[in-house]
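Numbering (my numbering), first residue to last: 49 to 334.
Worksheet: one structure, shown below.
Right under this line is the structure:
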């Protein structure tokens with residue numbers, strides 16, 4: 049009696065099964081650093097927006113100081129007419145400077161957050177991921193820019209209520225947003241660079257308070273360069289805040305400006321800030 053022929057080996061009915069098992073045994077290749085950069089930036093910005101959505105207390109409290117600057121300082125010096133203001137009311141001249149100031153005050157203490165993440169062990173976990181350090185710093189810097197942009201919107205609304213003659217041209221407002229974000233990127237990176245040097249939250253607070261007012265008063269936020277002494281004019285020309293304020297005034301008020309130079313300086317300052325903060329990130333995590 050003849051034997052039944054042997055059955056052929058069973059083949060998978062699902063042609064994708066073998067590939068699926070292969071993916072389980074062999075992890076996918078990590079994405080290159082340049083491909084991670086947009087994802088990291090978007091993720092960090094989303095985190096900041098979530099924080100603002102769940103707790104708006106900081107947004108309200110930070111709006112008090114710029115409102116006082118515009119209400120008291122701006123209206124008083126508008127009546128005194130003691131400071132030249134390029135042919136516009138002084139409160140109009142002051143408003144772009146206060147927008148830049150409020151954005152800088154948010155960004156300049158951003159290094160405190162990265163020290164907190166170091167103390168909580170979050171930074172070390174981020175550094176062992178394949179994400180490049182420059183991508184981490186860029187994401188955090190643009191997250192600071194998002195928070196500063198929200199603050200700038202609040203200040204613009206306060207200025208509009210006070211009768212400041214601002215433009216509502218959508219293209220110019222996009223330029224305003226770009227100037228606010230780029231300035232915030234630089235100042236947040238400056239803060240994270242200082243954090244990488246001092247390595248301590250209390251010391252960073254001291255350094256932040258020591259440099260914010262010189263940066264503010266050593267710029268054209270409150271008065272034009274023409275009324276400054278020569279040494280202060282030199283300081284102002286080296287201060288990125290001056291170029292940010294000049295761009296905001298030109299876009300919002302239509303005063304004489306140098307937009308190409310302003311944005312070139314802000315872009316270079318932001319790139320140098322990212323490079324400096326990235327180089328010190330490993331020292332901060334030790």
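Yeah, the Cβ is synthetic: ideal placement off N, Cα and C, and Gly gets one too.
Looking from the CA of residue 111, the closest CA among 200, 240 and 227 belongs to 200. A Cβ-Cβ contact shorter than 8 Å links residue 243 with residue 162. Here DSSP, grouped into helix, strand and coil, assigns residue 279 to helix. A distance below 8 Å between beta-carbons, with the five flanking residues on each side excluded, links residue 248 to the following residues of its chain, in chain order: 163. A residue is called buried when at least 16 other Cβ atoms come within 10 angstroms of its Cβ; residue 261 does not meet this threshold and is exposed. With a cutoff of 8 Å on beta-carbon distance, residue 272 and residue 134 are scored as near each other.
Your pair residue 241 and residue 85 does not check out as a contact, with CB atoms roughly 19 Å apart and the cut at 8 Å. The Cβ atoms of residue 232 and residue 154 sit closer than 8 Å to each other. In this structure, the alpha-carbon of residue 319 lies about 8 Å from that of residue 234.
Taking residue 329 as the centre and dropping the five residues before and after it, the same chain places the C-beta of 181 closer than 6 Å to its C-beta, in chain order. For residue 198, the enclosing alpha helix (DSSP H) has its first and last residue at 181-209. With contacts defined as CB atoms closer than 8 Å, residue 143 and residue 207 qualify as a contacting pair. As the crow flies, the alpha-carbon of residue 195 is around 7 Å from that of residue 97.
At least 8 Å separates the beta-carbon of residue 203 from that of residue 131.
The beta carbon of residue 172 sits closer than 6 Å to the beta carbons of 333 from its chain, once the five residues preceding and following it are set aside; these are given in chain order. In the structure shown, the three-state DSSP call for residue 172 is helix. In the structure shown, residue 254 adopts helical secondary structure according to DSSP, grouped into three states. The stretch 220-274 is shown to contain whole alpha helix (DSSP H) runs of 4 or more residues at 249-265, in chain order. For residue 291, the enclosing alpha helix (DSSP H) starts and ends at 288-301. According to the DSSP assignment, residue 145 belongs to the alpha helix (DSSP H) that extends over 138-155. A straight line joining the alpha-carbon of residue 106 with that of residue 99 spans about 10 Å. The alpha-carbon separation between residue 215 and residue 177 amounts to approximately 45 Å.
Our two residues, residue 293 and residue 269, have alpha carbons roughly 6 Å apart in a direct line. Rounded to the nearest whole angstrom, the C-alpha separation of residue 274 and residue 331 is 42 Å. In the three-state reduction of the DSSP assignment, residue 159 falls in the helix class. Here residue 239 is near residue 158, since their CB atoms are less than 8 Å apart.
Shortest Cα-Cα distance from residue 302 to any of 312, 224, 277 and 236 involves 224. Just measuring C-alpha positions, the residue of 184, 307 and 267 sitting nearest residue 237 is 184. Within its own chain, the residues whose Cβ lies closer than 6 Å to the Cβ of residue 297, once the five positions on either side in sequence are excluded, are 144 and 303, listed in chain order.
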